[in-house]
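Sequential numbering from 1 applies to the sequence shown in this note's numbering.
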Amino acid sequence: NRPLWSAIAEARENSDREWIRNSYWATMRRTFLASMIFLPMAIAIRPFVDIWTKDKITVSLGLAIVLAVHSIQWSINYAEVIFVTGLGFLRQRTISVLVMGLLSVVMLVVMVPMFGVIGAAGAGLMSMLLTQTLYLPYTLRTRAPWIFEGTRTRGLGC
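Structural data, given as structure tokens:
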């Protein structure tokens, strides 16, 4: 998806909103569908970790699910980053990364003593949710609302 940055920037310069809109929804749909592989992989990989580590490391189902959801979230956020960056909304992207970093540290300090390893994974998931997963689409909705025109009837299957 990274080569899309320059194509999005060029389309922005040429005021080709239709191309950007279509690319956004196609990218989001494909990213979401491709990232769904993480859920069954997280569950299926657990026995292989046991064999590989000779039962010295055991991955709980809860941790596997948190990591799978985090991987899905990261994939979708990365696709959003491509459009936020390509459209030139760099200040918003920078703010979201800085806040996510600070929030991650605070959440790690709080959640790891309470929940252990799952707390660390959960802290990453929550800090990304509160910053990137919510803020980047909000940035696009407020700064480039035309991307979302007509999406109520089309949904992700546009």
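Glycine is no exception: its CB is placed at the ideal position from the N, C-alpha and C atoms.
- Membership of Ala121 in the alpha helix (DSSP H) is indicated by the continuous run Val117 to Met128.
- Taking all protein chains in view, the Cβ of Gly122 is crowded by 16 or more other Cβ atoms within 10 Å, so the residue is classified as buried.
- Secondary structure note for Trp146: it is in no alpha helix (DSSP H), with a DSSP letter that is neither H nor E.
- Here Gly88 carries a coil assignment [DSSP, helix/strand/coil].
- In this model, Gln92 and Leu136 are separated by some 8 Å (Cα to Cα).
- Contact between Thr31 and Ser75 holds, with the beta-carbon distance rounding to 5 Å and staying under 8 Å.
- Comparing alpha-carbon positions, the option among Val109, Val66, Val97 and Thr142 lying closest to Thr131 turns out to be Val97.
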